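**Student:** Would you mind keeping the following structure in view while I ask a few things?
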Amino acid sequence: MTWDQQRIEDIITASAPEEITYLEAIRAALREEMQRDPSVLLLGQDIGVYGGAFKVTQGLIEEFGEKRVIDTPMAELGMIGAAIGMAFMGLRPVIEMQFADFISVGFDSIVNYAATNHYRWGAAVPIVIRAPNGGGLRGGPFHSQSPEAWFTHTPGLKVVMPANPVDAYGLLLSAIRDPNPVIYFENKLLYRSMRAPVVLGAQGIIPIGKAALARVGEELSIITYGSMVRESLIAAEQLAADGRSIEVLDLRTLKPLDKEAVLETARKTGKVLIVHEAQITSGFGGEVAALIAEHAFEYLDGPITRIAAPDTPVPYSPPLEDAYRPDTAKILKAARELLAY
Amino acid sequence: MTWDQQRIEDIITASAPEEITYLEAIRAALREEMQRDPSVLLLGQDIGVYGGAFKVTQGLIEEFGEKRVIDTPMAELGMIGAAIGMAFMGLRPVIEMQFADFISVGFDSIVNYAATNHYRWGAAVPIVIRAPNGGGLRGGPFHSQSPEAWFTHTPGLKVVMPANPVDAYGLLLSAIRDPNPVIYFENKLLYRSMRAPVVLGAQGIIPIGKAALARVGEELSIITYGSMVRESLIAAEQLAADGRSIEVLDLRTLKPLDKEAVLETARKTGKVLIVHEAQITSGFGGEVAALIAEHAFEYLDGPITRIAAPDTPVPYSPPLEDAYRPDTAKILKAARELLAY
Amino acid sequence: MALLSPELLLQAHYWMRLTRIFDDRVMLLHRQTKIAGGCFSQLGHEAISVGAALALGPDDVIAPMHRDLGAYLIRGMTPRRLMAQYLGRAAGVSGGRDGNTHGCGDLSLGIFGYVSMLPASMGITVGAAHAFKLRGEPRVALTFFGDGSSSEGLCHEVLNWAAVYEVPAVFICENNQYAYSTPLSHQMRIANIADRAAGYGMPGEVIDGNDVIAVYSAVQEAVARARNNGGPTLIECKTMRMRGHAIHDNMAYVPKELINKWQQRDPLQHFEAYLTEQGLINDAGIQAVVARAEAEVEDAVTYAEACPYPDPATLMVGVYA
Amino acid sequence: MALLSPELLLQAHYWMRLTRIFDDRVMLLHRQTKIAGGCFSQLGHEAISVGAALALGPDDVIAPMHRDLGAYLIRGMTPRRLMAQYLGRAAGVSGGRDGNTHGCGDLSLGIFGYVSMLPASMGITVGAAHAFKLRGEPRVALTFFGDGSSSEGLCHEVLNWAAVYEVPAVFICENNQYAYSTPLSHQMRIANIADRAAGYGMPGEVIDGNDVIAVYSAVQEAVARARNNGGPTLIECKTMRMRGHAIHDNMAYVPKELINKWQQRDPLQHFEAYLTEQGLINDAGIQAVVARAEAEVEDAVTYAEACPYPDPATLMVGVYA
Ligand SMILES: Cc1ncc(C[n+]2csc(CCOP(=O)(O)OP(=O)(O)O)c2C)c(N)n1
Ligand SMILES: Cc1ncc(C[n+]2csc(CCOP(=O)(O)OP(=O)(O)O)c2C)c(N)n1
Ligand SMILES: [Mg+2]
Ligand SMILES: [Mg+2]
């Protein structure tokens, strides 16, 4: 397919967007970028013939060949280092971590090389690291993590965390086109459980650094991202049935954070509930709370409240994981308390 | 020397404590623990004959021999893994990272094995990782970092960060005796630039998890830790000259955090300035701010303010590093603004 | 090659059967959605974990991985505890905190639990062996790693560390032709992972991982060397993963012929034929072993299914010692 | 062994002299407290970086490390820029953001800057080489690593990766007997790091790192092989670090005899004796080279000292591209 044909197809698709899953949206974004830009290539374990542990890259090796969909040995630190070298030579590698949990093994290449390089000697590092994160699937302590806060603390990285198929698609386009290293957290629970009509092609792009109001409300702001947006929206819906008006801000990008949007919703409602799937202590919610407590202090009508996982590894057994995991019920409870404050 | 002799010496020492540097305090704590407990041993690069990059372990190989002061190959991930295995077999390894900055290379062994193990199958991991951190020494981006926030987010770890020789000594005793993995951040700038009389021996122990009021005041609380305690105390002193009363809380332990102490000082003064050397975004200050904004909300008389490094790598050149680094002047400025609020 | 007593041979047979029957049952329970999350099959690997674990002494320690069920069993982790673990029950080894054989450690049995990050157990193992060396104890530490794990940096750091300090450790590479879907040809340009041992200055050996006698003999020799201050050994067991990487994987990527070839060399059938040939067992004897193992597994399932799940109120317990 | 033209030999001599004189001056400036932080000496390593860098073509890329000053110079990083870098000035390669040769990269010169975490540059290098391979470009990527770095997991991952994908890369191990204070005997139980190449399925070679002709020849051969789709090579240069690890280190831990032994084999004196013997240079010629190099370094210092420090207002600039 030529570039022009693709554009035409896009426009057709755009006019009547298809319902696709979150996972399909990611795959579609990879395809879109690989078709558009021959320098885009994929690296990861089992992403070729097997199509990846979650089948996100299924069909791509057939379409783009072994030189652009590269099955790697197990060597995360080396793989990310290699991706940086490829990026210096003009390629745009998109890495799949088999699970976000394994990013700890490749950690140094990310936080010390990829993140600092442009600042130090001006060479950009356009790489994307796709990290399937999150629990609720009985994956246990090492297949359920949400380690975004390690990366939001690291200058030079960008961190995105889409909450729906539209953003999954559009943010991946942006991430691949971005000249900086981007950690793209994709939520495993949403992979197949969430569908939406997605405008494909360039029109579907979502800018990095812009939050989205997922629901407009007046009395309380839920500020959240990733898998917890859906839970929060359900909670807001239920509260609406009780006649309460809840705003839900989906951060979409954690770094650079859309501070304006955060402060605006906080100032508007005066009550803030921050929700994330990761453990609470030193989680990204702390940063959001701190910003509000400093810059929207005068507007606050109640304590800034956080709902997040407790400070334990993600447990495996269903009753434990359910107790561990933030969800609509826990959000509802906290929101009601805050509304009553 | 027998145990009893040692005790007697301790008591003598305790009655007239010697002035020693922060670095000497660390060395003294290592000696104390190695004398007391034959299962304590040291692992690290160049810590033997060379005495370590900063000479913290100088003399210890002569005193305790090669079996207890082990010069390792460069292999941080393996070294920390090995330390865990030693700990399972009843030893108490104390690891020296040559610089805190290199902890990223051994990251996975810490956050995924050491931290989760007791929760998963009940085997304790009594290891200490000493991580010389901090800037101000023109060390550049890779010899100046303060990466504590990566670890405060990880359940199962303890994180301590002494601000003076007394705490450096007493917290290291506690860390070595603790049955959990403890990351012990020791500040390089304080190594030789800070002296104090230190009570040696068991009486000198400082418990993990307890903050200390470094200065009592009424109008504003500076909550800080590590190298910034000294800067904050100087600022408080200068403000006292202006007739202002500043409280300084030295957290000492970041994880588990002494929440009571944090909330108490916030409730008391109603104005909180949080100061740390690490970069601001997603730094540990966010956690402190969030706790206060949630649990001391009604007591606040002003925005919770953070003074921390900007979101860049630690730059090398003196004018850049000076601009980067939080210091007394920056603390003073923020404190005055907050006092005037 | 060490001469194995008839008792030991029959023990090995029992453990291999138990391993296989337990594993088949786990697969079934997973299909019945009684086990949540992922599950790794042991099929084809039974000779390795059984042969290796039998070669250890009671004070030795072991860090089994995800295809080493036999080692857990031999070291005294009961089918009941293990089944409760698979079913996420409070009585499981990890009390429901970790899944399948992850986190299945028990220091009183000399077993280290593993994490998913491969090959983290190699680090733990070399440290335990180092502790033995430092204290002059005649104990050995043993662990396993896959062909896939051999590409990880940690594998290198640990093998070098073991050699530098001459620690009493035995490293067993289970080369089962694949790391998940990735064939050896995408992982390395050498014929034998054991050949890397020379690059560390330690002995390396390639053996038939489907022959429990070969495994036992090689490991026993390595263990004896380690115990006598002879330092570490790397043993590569050639084998084949006979099911998908994990239960959801139909391994369409594996050529049929390869599976067929290795099916001819099934470690259990091979061993039973040998035992029969040697007159150590007959069909009835085999049936008796099968029946005994099946009964144990049945008992374990009954027990585990009756066990309560962990109490959510205990969620925060045990993060710290 | 490749035959080197007289021009090339004289070039090599010039670069080695420049490297040494520049390095001596850096040491002096540090003692004069004009350079802040740490500094690594090049003494004894000049033949390696110079020999290797000269063997590359203009489109090849290189990731020099902390003892490879000669490579930066040869690739076109001027003494002025480098000296401004050492002095932390705005005109330095990293604009004062990074210190000494850290972060001294310039893609227009085909040079990758390094980070302290060793041996991170190996990862970058194998990736660049992989890019050449994927695009079918006749280009080569080359990097250096120390004996100490050889123990890091990343070294293994990268060498294996290079072999698996048969990328056009050359890896040069500078075995200078020590990693900081740690002698080889505490780092490995083998005689030659290059022997590990066999464990990856790539050629490995041990050469005299104090002989610039040997270095050039070996690297040239490896580069030619890489360029002709022959894949990667590991070359181990035996040498000795003739000063402390960094400037503050008096290396009391190094036996005097070892230093004396290697002093006899100084790469520059050795090479000058050879050139003289071959009639390619005489004392006056050497003096002329020294004078030229000294003038360049003097000019660089004058320039750098006159350069402004970076403006603190630019602190936040460049974190993102
Ligand atoms: C560091 C790390 N990266 C990726 C994974 C995901 N993963 C789990 S098992 C596996 C393949 C392991 O292959 P091998 O080591 O050969 O063991 P096998 O399963 O074949 O026995 C992969 C890639 C992991 N567990 N750890
Ligand atoms: C991952 C990592 N760990 C530790 C260090 C600290 N360190 C800096 S140089 C060095 C020794 C390096 O030895 P080698 O690789 O032999 O290089 P040489 O300096 O001898 O040329 C060490 C331990 C580091 N830079 N990176
Ligand atoms: Mg395998
Ligand atoms: Mg060296």
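Protein chains in written order, with numbering that gives the first Met the number 0: chain E, 0 to 340; chain S, 0 to 340; chain X, 0 to 320; chain V, 0 to 320.
Using N, Cα and C, we set each Cβ at its ideal position, and we do this for glycine too.
A quick note: this is a predicted structure, and the numbers were derived from the prediction, not measured.
1) Find the residues of chain X that neighbour valine 163 of chain V, judging by a C-beta separation of less than 9 Å, and give them in chain order.
2) Cβ closer than 9 Å: which chain E residues qualify as neighbours of arginine 96 of chain X?
3) Mind listing, in chain order, the continuous beta strand (DSSP E) runs of no fewer than 3 residues lying wholly within the region 143-193 of chain X?
4) Contact defined as beta carbons within less than 8 Å: I believe proline 118 of chain X pairs with serine 93 of chain X. What is the distance between those atoms, to the nearest angstrom?
5) Using a threshold of 8 Å, state whether the C-beta atoms of isoleucine 212 of chain V and glycine 37 of chain V are closer than that.
6) Could you name the residues of chain X that glutamine 44 of chain E contacts, counting a contact when the two beta carbons are closer than 7 Å?
7) Using CA coordinates, which residue listed in E:Ile128, E:Pro312, E:Ile291, E:Arg191 is at the minimum distance from tyrosine 183 of chain E?
8) Sorted by chain position, which residues of the same chain lie with C-beta nearer than 7 Å to valine 288 of chain X's C-beta, five sequence neighbours on each side aside?
9) List, from N- to C-terminal side, the alpha helix (DSSP H) runs of 4 residues or more that fit wholly inside the region 234-313 of chain S.
10) Taking Cβ to Cβ, would you say glycine 87 of chain V is nearer than 8 Å to proline 317 of chain S?
11) State the CB to CB distance for the pair glutamine 57 of chain E and glycine 64 of chain E, rounded to an integer number of angstroms; the pair is presumed to be in contact (CB under 8 Å).
12) I need the straight-line Cα distance from proline 146 of chain S to aspartate 194 of chain V, nearest angstrom please.
13) State the Cα-Cα distance for the pair isoleucine 306 of chain E and glycine 169 of chain E, rounded to the nearest angstrom.
14) Considering only C-alpha positions, which residue in the set S:Asp70, S:Pro92, S:Pro37, S:Asp321 is nearest to methionine 187 of chain V?
15) Along chain E, which residues have their Cβ under 9 Å away from the Cβ of tyrosine 118 of chain S?
16) Identify the continuous beta strand (DSSP E) that holds alanine 251 of chain X and give its terminal residues.
17) Could you tell me whether the Cβ of aspartate 146 of chain V comes closer than 8 Å to any Cβ of chain X?
18) Could you confirm whether any beta carbon from chain V is found closer than 8 Å to the beta carbon of methionine 85 of chain S?
19) If you reduce the DSSP assignment to three classes, tell me which class glutamate 136 of chain V lands in.
20) If valine 125 of chain V sits next to glycine 84 of chain E, beta carbons under 8 Å apart, how far is it from one beta carbon to the other, in whole angstroms?
21) Identify each residue in the region 101-126 of chain S for which the Cβ-Cβ distance to at least one residue of chain X is less than 8 Å, and report them in chain order.
22) Over the uninterrupted beta strand (DSSP E) stretch that includes arginine 214 of chain S, give me the two end residues.
23) Compare the beta carbon distance of alanine 24 of chain S and proline 178 of chain S with 8 Å and say whether it is the shorter of the two.
24) Within the same chain, show all residues whose beta-carbon is closer than 6 Å to that of tryptophan 2 of chain E, passing over the 5 residues directly before and after it, in chain order.
25) Helix or strand or just coil, what does DSSP make of methionine 0 of chain S?
26) On a Cα-Cα basis, can you pick out the residue from E:Ala292, E:Pro180, E:Glu276 that is closest to glutamate 263 of chain E?
27) For ligand 1, is there any heavy atom lying closer than 7 Å to the beta carbon of methionine 116 of chain X?
28) Which residues of chain E have a Cβ atom closer than 7 Å to the Cβ of glutamine 34 of chain S, listed in chain order?
29) When the cut-off is 8 Å and only beta carbons count, does histidine 129 of chain V lie next to chain E?
30) Given this structure, state the Cα-to-Cα distance separating leucine 81 of chain X from phenylalanine 143 of chain X, to the nearest angstrom.
31) Would you check whether ligand 1 has a heavy atom nearer than 7 Å to the C-beta of alanine 178 of chain X?
32) Could you tell me which of V:Trp261, V:Asp210, V:Leu108 sits nearest to aspartate 58 of chain V, measuring between CA atoms?
33) Could you pull out every residue in the same chain whose Cβ sits closer than 8 Å to the Cβ of leucine 338 of chain S, ignoring the five residues on either side in sequence?
34) Mind the definition here: the region 270-285 of chain S touches the region 320-337 of chain S only if three or more C-beta pairs lie below 8 Å; say whether that holds.
35) Taking asparagine 259 of chain V as the reference, give the member of V:Gly43, V:Ile171, V:Gln286, V:Leu3 with the closest Cα.
36) Determine the DSSP secondary structure at phenylalanine 131 of chain V, reduced to helix, strand or coil.
**Tutor:** For this structure:
1) Within the fourth sequence, numbered from 1, the residue matching residue 163 of chain V stands at position 164. Chain X residues near valine 163 of chain V: Ser150, Ser184, His185, Gln186, Met187, Arg188.
2) Within the third sequence, residue 96 of chain X is the residue found at index 97, counting from 1. What arginine 96 of chain X touches in chain E: Gly139, Pro140, Thr311, Pro312, Pro314, Tyr315, Ser316, Leu319.
3) If we require 3 residues or more, the beta strand (DSSP E) runs fully inside the region 143-193 of chain X come out as 168-174.
4) Looking up residue 118 of chain X in the third sequence gives position 119. Looking up residue 93 of chain X in the third sequence gives position 94. Between proline 118 of chain X and serine 93 of chain X a beta carbon distance of about 20 Å is seen, past the 8 Å cut, so the two are scored as non-contacting.
5) Counted from its first residue, the fourth sequence places residue 212 of chain V at position 213. Counted from its first residue, the fourth sequence places residue 37 of chain V at position 38. Cβ atoms of isoleucine 212 of chain V and glycine 37 of chain V: not closer than 8 Å.
6) Indexing the first sequence from 1 puts residue 44 of chain E at position 45. Counting only Cβ-Cβ distances below 7 Å, glutamine 44 of chain E has contacts in chain X at Tyr179, Thr181, in chain order.
7) Reading the first sequence from its first residue, position 184 is the one you call residue 183 of chain E. If we check each option's Cα against that of tyrosine 183 of chain E, E:Ile128 comes out closest.
8) For the purposes of this step, residue 288 of chain X is identified with residue 289 of the third sequence, where counting begins at 1. Contacts found: His12, Tyr13, Arg16.
9) Segments of the alpha helix (DSSP H) lying fully in the region 234-313 of chain S: 258-268, 283-294.
10) Taking the first residue of the fourth sequence as position 1, residue 87 of chain V is located at position 88. Taking the first residue of the second sequence as position 1, residue 317 of chain S is located at position 318. When the beta-carbon positions are compared, glycine 87 of chain V and proline 317 of chain S come within less than 8 Å of each other.
11) Position 58 of the first sequence, counted from the start, is the residue given in the question as residue 57 of chain E. Position 65 of the first sequence, counted from the start, is the residue given in the question as residue 64 of chain E. Not quite, the Cβ-Cβ distance comes to about 15 Å (not below 8 Å), so this is no contact.
12) By one-based count along the second sequence, residue 146 of chain S stands at place 147. By one-based count along the fourth sequence, residue 194 of chain V stands at place 195. Approximately 38 Å between the Cα atoms of the pair.
13) What you label residue 306 of chain E is simply residue 307 of the first sequence in a count that begins at 1. What you label residue 169 of chain E is simply residue 170 of the first sequence in a count that begins at 1. If I take the Cα positions, the gap works out to 27 Å.
14) Translated into positions along the fourth sequence, residue 187 of chain V becomes position 188. Methionine 187 of chain V has its Cα closest to that of S:Asp70, out of S:Asp70, S:Pro92, S:Pro37, S:Asp321.
15) By one-based count along the second sequence, residue 118 of chain S stands at place 119. For tyrosine 118 of chain S, the chain E residues whose Cβ falls inside 9 Å of its Cβ are Pro140, Thr311, Pro312, Pro314, in order along the chain.
16) Along the third sequence, read from residue 1 onward, the residue named residue 251 of chain X stands at position 252. Per DSSP, alanine 251 of chain X belongs to no beta strand (DSSP E) and is neither H nor E.
17) Position 147 of the fourth sequence, counted from the start, is the residue given in the question as residue 146 of chain V. By this cut-off, aspartate 146 of chain V is not an interface position.
18) For the purposes of this step, residue 85 of chain S is taken as the residue at position 86 of the second sequence. Cβ-Cβ to chain V under 8 Å: no for methionine 85 of chain S.
19) To locate residue 136 of chain V, count along the fourth sequence from 1; it is residue 137. Coil.
20) On the fourth sequence, position 126 is the one that residue 125 of chain V refers to. On the first sequence, position 85 is the one that residue 84 of chain E refers to. Yes, valine 125 of chain V and glycine 84 of chain E are in contact; Cβ-Cβ is about 6 Å, under 8 Å.
21) For chain X, the residues of the region 101-126 of chain S that bring a beta carbon within less than 8 Å of one of its beta carbons are Asp107, Ser108, Asn111, Tyr112, Thr115, Asn116, His117, Tyr118, Arg119, Trp120, Gly121, Ala122, Ala123, Val124, Pro125, in chain order.
22) For this step, residue 214 of chain S is matched to residue 215 along the second sequence. DSSP places arginine 214 of chain S inside the beta strand (DSSP E), whose first and last residues are 211-214.
23) For the purposes of this step, residue 24 of chain S is taken as the residue at position 25 of the second sequence. For the purposes of this step, residue 178 of chain S is taken as the residue at position 179 of the second sequence. No.
24) Position 3 of the first sequence, counting from 1, holds the residue named residue 2 of chain E. With a pLDDT of only 42 at tryptophan 2 of chain E, under the threshold of 50, the placement of this residue in the model should not be trusted, and no figure is reported.
25) Residue 0 of chain S sits at position 1 when you count from the first residue of the second sequence. Low confidence applies here, because methionine 0 of chain S scores a pLDDT of 38, under 50, leaving its location unreliable and the question unanswered by this model.
26) As a working note, residue 263 of chain E is residue 264 in the first sequence. That would be E:Ala292, whose Cα lies nearest to the Cα of glutamate 263 of chain E.
27) As a first step, residue 116 of chain X is located in the third sequence; it is residue number 117 there, counting from the start. Yes, the Cβ of methionine 116 of chain X comes within 7 Å of a heavy atom of ligand 1.
28) The count along the second sequence starts at 1 and reaches residue 34 of chain S at position 35. What glutamine 34 of chain S touches in chain E: nothing, since even the nearest Cβ is about 35 Å away.
29) Your numbering for residue 129 of chain V matches position 130 in the fourth sequence. Output row for histidine 129 of chain V: interface = yes.
30) Numbered from its first residue, the third sequence carries residue 81 of chain X at position 82. Numbered from its first residue, the third sequence carries residue 143 of chain X at position 144. If you draw a straight line from the Cα of leucine 81 of chain X to the Cα of phenylalanine 143 of chain X, it is about 19 Å long.
31) On the third sequence, residue 178 of chain X is found 179 positions in, with the first residue counted as 1. Checking every heavy atom of ligand 1 against the Cβ of alanine 178 of chain X, one is found closer than 7 Å.
32) Stepping through the fourth sequence from its first residue, residue 58 of chain V is reached at position 59. Selected option, being the one with the closest Cα: V:Leu108.
33) Residue 338 of chain S sits at position 339 when you count from the first residue of the second sequence. Here the set comprises Glu218, Leu219, Leu238, Arg243, Lys270.
34) Yes, since at least three Cβ pairs between the region 270-285 of chain S and the region 320-337 of chain S fall closer than 8 Å, the two stretches touch.
35) If you number the fourth sequence from 1, residue 259 of chain V lands on position 260. Considering only alpha carbons, the answer is V:Gly43.
36) The count along the fourth sequence starts at 1 and reaches residue 131 of chain V at position 132. Helix.
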